[in-house]
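Chains as they are written, first to last, in my numbering: chain R, 57 to 421; chain G, 57 to 421; chain W, 57 to 421; chain E, 57 to 421. A short write-up of the structure that comes next.
4 protein chains.
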Amino acid sequence: MPGSVFGHSFRVIAFGESHGKCVGVVVDGCPAGLELSEEDVQKELDRRRPGRLPLVSPRVEEDRVEILSGVFRGRTTGAPICMIIWNRGFDSSPYEKIADLPRPGHADYPARVRYGGFNDYRGGGYLSGRLTASFVMAGAVAKKLLSTKGIEVLAHLVQVGGVKLSREVSVEEVREKAANSPVFCADPGTEKRFVEEIESAAREGDSVGGVVECLVLNLPAGIGDPLFDSIDADLAKILFDIPGVKGVEFGAGFSAASLKGSQNNDPYAIVDGRVMTTSNRAGGVLGGLTTGMPLVVRVAFKPTPSIRKPQRTINLRTLEEAQLVIEGRHDPCIAIRGVPVVEAMVAMVLVDHMLRLGHIPAVLR
Amino acid sequence: MPGSVFGHSFRVIAFGESHGKCVGVVVDGCPAGLELSEEDVQKELDRRRPGRLPLVSPRVEEDRVEILSGVFRGRTTGAPICMIIWNRGFDSSPYEKIADLPRPGHADYPARVRYGGFNDYRGGGYLSGRLTASFVMAGAVAKKLLSTKGIEVLAHLVQVGGVKLSREVSVEEVREKAANSPVFCADPGTEKRFVEEIESAAREGDSVGGVVECLVLNLPAGIGDPLFDSIDADLAKILFDIPGVKGVEFGAGFSAASLKGSQNNDPYAIVDGRVMTTSNRAGGVLGGLTTGMPLVVRVAFKPTPSIRKPQRTINLRTLEEAQLVIEGRHDPCIAIRGVPVVEAMVAMVLVDHMLRLGHIPAVLR
Amino acid sequence: MPGSVFGHSFRVIAFGESHGKCVGVVVDGCPAGLELSEEDVQKELDRRRPGRLPLVSPRVEEDRVEILSGVFRGRTTGAPICMIIWNRGFDSSPYEKIADLPRPGHADYPARVRYGGFNDYRGGGYLSGRLTASFVMAGAVAKKLLSTKGIEVLAHLVQVGGVKLSREVSVEEVREKAANSPVFCADPGTEKRFVEEIESAAREGDSVGGVVECLVLNLPAGIGDPLFDSIDADLAKILFDIPGVKGVEFGAGFSAASLKGSQNNDPYAIVDGRVMTTSNRAGGVLGGLTTGMPLVVRVAFKPTPSIRKPQRTINLRTLEEAQLVIEGRHDPCIAIRGVPVVEAMVAMVLVDHMLRLGHIPAVLR
Amino acid sequence: MPGSVFGHSFRVIAFGESHGKCVGVVVDGCPAGLELSEEDVQKELDRRRPGRLPLVSPRVEEDRVEILSGVFRGRTTGAPICMIIWNRGFDSSPYEKIADLPRPGHADYPARVRYGGFNDYRGGGYLSGRLTASFVMAGAVAKKLLSTKGIEVLAHLVQVGGVKLSREVSVEEVREKAANSPVFCADPGTEKRFVEEIESAAREGDSVGGVVECLVLNLPAGIGDPLFDSIDADLAKILFDIPGVKGVEFGAGFSAASLKGSQNNDPYAIVDGRVMTTSNRAGGVLGGLTTGMPLVVRVAFKPTPSIRKPQRTINLRTLEEAQLVIEGRHDPCIAIRGVPVVEAMVAMVLVDHMLRLGHIPAVLR
């Protein structure tokens, strides 16, 4: 019954509600000896903060992380790390008016069935996108752990609505340009069109979807636990745990279905004394194991379900048809905030698997 | 370190090797009282059997299941069910010749790194597609359990190489036509083109990818365990555990990224007194929970990596470049055999979640 | 690596430190719909509070629970329940002086090895007996869940140092007398001798051990998951997780080793139409399953390792022999506070298993 | 619901039935590169074989292990290791006669409730002591892994019925004398009295209990995962999974309850440059972590419940009182065969924890 625990050797437990006291996370299994400060975590939380676009400014929360346990004198102790951000300044009254009107595209109705109507429905409660803050906090720890091994996790936006990244971008562009772009876009030309697409939807009281691509660099070969804990399987699982994700693909992904084997197979070669492949249609994963090539995963986000346009729904109490108007300002493209969340999720899975195999030790010295 | 165990309340443990004594599976957590015979399992195994196309006839094995435990007087006892198929009549000699030449698109190289060179490399060993027989055996149990609740899991092929299913097909067509098609195709016109695409690739010593779609009917709303055991997350995880899978999407999937919220949200309505949505772009999942609408998941398979065409690789012992020619006859489109495997995997996840929530009881009376 | 998560279907995650900001717990998998207030939890925490004996008054903390998540309008929502007690008014300075002197009978030395010296050693940090407050908070939820099924968990003290409970006591005496005794003793005559034993040790700057017995009433037959999740196995596991526990036995326990089979077997009989045994040397467990008879488990606590008497130890930095004097006032008999902790632990395991088997549903209506 | 999987990083799955086709086990997570032969496993199975005493000769089975997977060219591959012993030459007819008469001290009645009457009741089915053969097979792998680190697991019998080991024995005596004793007794004088006690009970158609002590030598300090995966907790759990175990204690165990803190605490000292304690009342465990001193655990076995003496029971179909006479010859003291089983169980837990912490690597080179 419990679904709030992620991981095998690096465990993450999320708790909290959108309109409750807080959103929090416990990280269990972090090696002792990692330097960790609230600033390290805050930096990642700030990347997730909404309001990066002037036109797009939903509920703004300060989201200051507080570390409650597991850190002593600036380093992790090996004990579980509890981190919390306190909820402040929200207004739940709009949700009371629509308590019986399930919002299309949200989990209101299935959650009501699943939890027998006892769930906190305000803003989605535990199922709110706000819970992704807990992922980002845990991911900040995971990313620090990966950095001790020189591993880098870089996500960026490659599609917004009908607009796709117009050209191949380099790792450097992702690392530098995307990181500083308000829409995490590595190409300035495309960035402009992404923003237009989003603003146009926002003006209409509508929203748009998008696709996030995540690269992982310097990952060693041979990470993963087939059959059932394949590295791509575990990554896909946690990526689908992000609210709004509808598709995940590695490397050539769905387009691999159209290819011939002779086109899709990546030939091996020795480059600078290392085993590599001359292409990377596998996206860095074969047979559930990393290949040593960059990991490449793409994640499709649906458009934000909360839109201002009136929508058709029903009243779950009277079972009559109803019209729903969602108040407040909502993020018109959740894929943007999905970028740091995807990075966090990917980092968590990689740390979990590297701990399992001893690539990261139980104590960092 | 161990990755051979799937599931929480319905656990599946796979073992065996492509060129070892057997392929087997243990199913733990199956409720007591389910009628189960070797024929029930054999029926599913036969659907996975290669050689459904005249032109396409790789290693043919009889693959007769033997149930070793957990069934007493025709019913499951609640104890773990071990099922085995014995390997017979294989020839490992071709693999000895290429033991040091990693096959592009296969897991040979990462497996060698992961297991320090101790893995059984013959035919991929434990990482062979042959292990999907273990999934099908476990899935046969899962499908029988689902059928006690009237739940139906139906997969079919919707794309082969560049050819897509040319029209929308009905559930009835999937249930009847696809089941009897050698390429699990619900549309006779498309079936012909699928076969041509496959045979054409086979003639060239090449292979093609494909896309499998799986529908689940009569699934109740509210199944899943957010945040981390979302139903779509658990389904995606296990689907990526199938060798050759590179993408998974639910409902509108990647195309949802191009849509507006007003287009993608499924409006609610009351139909025959039941809560439904008038469209199903969500693919039956919202917020990690089933919606009560049909579950729709699509799975992209890459082309079979084993092709007859010569390929470029390296010798892992000498670290010199090498040319590889793979002998034997191989399935030119693993997506076909992916159809029963996808069904098995989906059924396993659904049973696991239904057991967690008590939708399926611990004892069937 | 992570050890902070208990359970399968009812999961409990403990965090915090003795001298950190707080001690907390997350309960995941609690069914939705349970009435739960901070008072419900506080009541159990108060039973664990030290200072029940005038002579015996270590660090007194207020220990007010705060529920941070998972409860909405007085009922559990099905989302994880985070509960915290904030640490206040402690003095860590005594621990700085002895940071390099491992206290005999404490985990200081092995923890230093395990966590590479990064652990918070003040008061034992995460390994402190103070963490049992997290168990009691989670146990309060578990006990409420059991009470919805009429199941009662009753622990009492049956031995303190050399003094044993002088006679058989009835369930009613345990329920009423022990509950109101400062040393959880069901027999007033023995209670006096328990207190003397404790006060005598305290006067000498020493401590005493004790034995807690726990009874569970109205438990149905057939609960448990053999082979590896036997009900007694899971109970023993979690009881040994309580700091200071050195032995666990069920029913006749160690004395069963001295018996003949004809003496130890409990004969079956029909009593009031129910299957019962006419004795209960099994302690309510056979083959890892509950028998329907009262569950009887006894737990041996060692004497509090923190004593005022000087002790021989070493300096882990200089590797020289050293003498240790532990300052402050410490509980001279941890077995007393063990009583509510044992109840909490037992309740957690039973709820976990009853949820697995559907004896407690996912939603309480 | 499933209880057939043990472990976190070293996983063991048991299956089979007393009177079914086989008893088997899958070991998942064993590092690649361990030399392993059927002889290695057979050696341990032979120690568990009944019939070590002339007077005491229950069902004799050959119990030849067959390794089905996970070993290639004499070494483990990292893939799951399935091992099976085939059941032969048993007679189930006595069980048919008593199918409705639950045997006192056996799990017949609770199993019937737990599994709704669908369980294989013949000889206890899945709950039979015969399943301990699966533990011994998995334990053989674990012991080989421990031996690569110089760790030795030595169990011996310290009590049979009313007879206790009459003197302290040395590790050497346990290693040599107990290993060659038909009753695993380290002291020849006591051995004679153990045999008399057993034979006397057997003559009367009765049985006796016993206590097994297990020592682990050369275990490093700092192994364990507090709070919930304490090393003693995990050991206790798995020891209670052995049929017939009613008590487990570490070091001073229950007798610690009678001690003062000043008596029970083990003082630290530097011996040969190593941190040690001058006594070992802790039994090698403090705060859930190993101390580096020998691990000492004692396990109480009840007398064999199957006795020839007539017993009082009921008929579960008619609910009338009944008299039961158990046919066949049964082991009069299961504690004897408990010795290798305890060793196996202890080894499994230690390997699991050493793998978690990286003390044993994922690949043995």
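The C-beta atom is built at its ideal place from N, Cα and C for all residues, glycine as well. Quick caveat: nothing in here was measured; it's all calculated off a predicted structure.
Query, Result
"Taking the CB atoms as reference points, tell me whether glycine 394 of chain G and valine 197 of chain G lie closer together than 8 angstroms.", "no"
"So is glutamate 73 of chain G in contact with chain E if we call contact Cβ pairs under 8 angstroms?", "yes"
"Beta-carbon separation of arginine 337 of chain R and glycine 307 of chain R under 8 angstroms?", "yes"
"By DSSP, does isoleucine 137 of chain E sit in helix, in strand, or in coil?", "strand"
"Taking the alpha-carbon positions, what's the leucine 413 of chain G to glycine 59 of chain R distance?", "11 angstroms"
"Between tyrosine 177 of chain W and chain E, is the shortest Cβ-Cβ distance under 8 angstroms, so that the two count as touching?", "no"
"Determine, using beta-carbon pairs with one atom in the segment 166 to 178 of chain R and one in the segment 86 to 97 of chain W, whether at least three such pairs fall under 8 angstroms.", "yes"
"How would you label valine 213 of chain E, buried or exposed, when you count the other beta carbons within 10 angstroms and need 16 or more for buried?", "Here residue 213 of chain E turns out to be leucine, not valine, going by the sequence shown. Flag for leucine 213 of chain E reads buried."
"Can you give me the start and stop residues for the beta strand (DSSP E) that valine 216 of chain G sits inside?", "208 to 216"
"Between the C-alpha atoms of glycine 334 of chain R and threonine 369 of chain G, what's the straight-line distance to the nearest angstrom?", "For the sequence presented, residue 334 of chain R should be read as threonine rather than glycine. C-alpha separation (whole angstroms): 10 angstroms."
"What's the gap between the Cα of valine 341 of chain E and the Cα of serine 226 of chain E?", "20 angstroms"
"For proline 238 of chain E, return the contacting residues in chain G, with the cut-off set at a CB-CB distance below 7 angstroms.", "Chain G residues near proline 238 of chain E: none, gap ~32 angstroms exceeds 7 angstroms."
"What residue range does the alpha helix (DSSP H) around aspartate 84 of chain W cover?", "Not the alpha helix (DSSP H): aspartate 84 of chain W falls in the beta strand (DSSP E), residues 78 to 84."
"Is leucine 283 of chain R near valine 353 of chain R, with beta carbons less than 8 angstroms apart?", "no"
"Short check: CB of glycine 280 of chain R to CB of histidine 409 of chain R, under 8 angstroms?", "yes"
"Under 8 angstroms, Cβ to Cβ, is there at least one residue of chain R near serine 125 of chain W?", "yes"
"If you reduce the DSSP assignment to three classes, tell me which class asparagine 143 of chain E lands in.", "coil"
"Report the residues of the segment 340 to 366 of chain G with a CB closer than 9 angstroms to any CB of chain R, ordered along the chain.", "Val341, Leu342, Gly343, Gly344, Leu345, Thr346, Thr347, Gly348, Arg354, Ala356, Phe357, Lys358, Pro359, Thr360, Pro361, Ser362, Ile363 and Lys365"
"I need the DSSP call for glycine 344 of chain G, collapsed to helix, strand or coil.", "coil"
"Quick one: what does DSSP say tyrosine 171 of chain G is sitting in, helix, strand or coil?", "coil"
"Looking at the structure shown, is leucine 406 of chain E part of a helix, part of a strand, or coil, going by DSSP?", "helix"
"Quick check: the Cα distance between phenylalanine 62 of chain W and glycine 63 of chain G, rounded to an integer number of angstroms?", "17 angstroms"
"Mind pulling the chain R residues with CB within less than 7 angstroms of proline 58 of chain G?", "Asp281"
"Which residues in chain E have a C-beta closer than 9 angstroms to the C-beta of proline 417 of chain R? List them in chain order.", "Leu413 and Gly414"
"Measure from the C-beta of proline 84 of chain E to each C-beta in chain G and report whether the shortest distance is under 8 angstroms.", "Checking the sequence, you will find aspartate at residue 84 of chain E rather than proline. Output row for aspartate 84 of chain E: interface = yes."
"CA-CA distance, asparagine 371 of chain W and lysine 365 of chain W?", "18 angstroms"
"Establish whether the CB of histidine 321 of chain W and some CB of chain E are separated by less than 8 angstroms.", "The displayed chain sequence assigns asparagine, not histidine, to residue 321 of chain W. Taking Cβ atoms only, chain E reaches closer than 8 angstroms to asparagine 321 of chain W, which makes this a yes."
"Which of helix, strand or coil does DSSP assign to arginine 330 of chain R?", "strand"
"Along the alpha helix (DSSP H) that carries glycine 245 of chain R, what are the first and last residues, could you check?", "244 to 259"
"Could you tell me which of G/Gly344, G/Ser362, G/Thr346 and G/Val301 sits nearest to glutamine 469 of chain R, measuring between CA atoms?", "Chain R is shown from 57 up to 421; residue 469 of chain R falls before or after that span and cannot be answered."
"Taking Cβ to Cβ, would you say isoleucine 140 of chain E is nearer than 8 angstroms to serine 125 of chain E?", "no"
"Of the choices R/Val127, R/Asp156 and R/Ala325, whose alpha-carbon is the least far from that of leucine 380 of chain R?", "R/Asp156"
"Using DSSP with H/G/I as helix, E/B as strand and the rest coil, what is threonine 369 of chain R?", "strand"
"With contact counted as at least three CB pairs below 8 angstroms, one residue from each stretch, are the segment 316 to 332 of chain W and the segment 260 to 274 of chain E in contact?", "yes"
"With respect to the beta strand (DSSP E) encompassing phenylalanine 191 of chain G, which residues constitute its N-terminal and C-terminal limits?", "Looking at the DSSP string, phenylalanine 191 of chain G is not in any beta strand (DSSP E); the run it does join, the alpha helix (DSSP H), is 188 to 203."
"For a contact defined as C-beta to C-beta under 8 angstroms, what are the partners of serine 286 of chain G on chain R?", "Gly59, Phe296 and Asp297"
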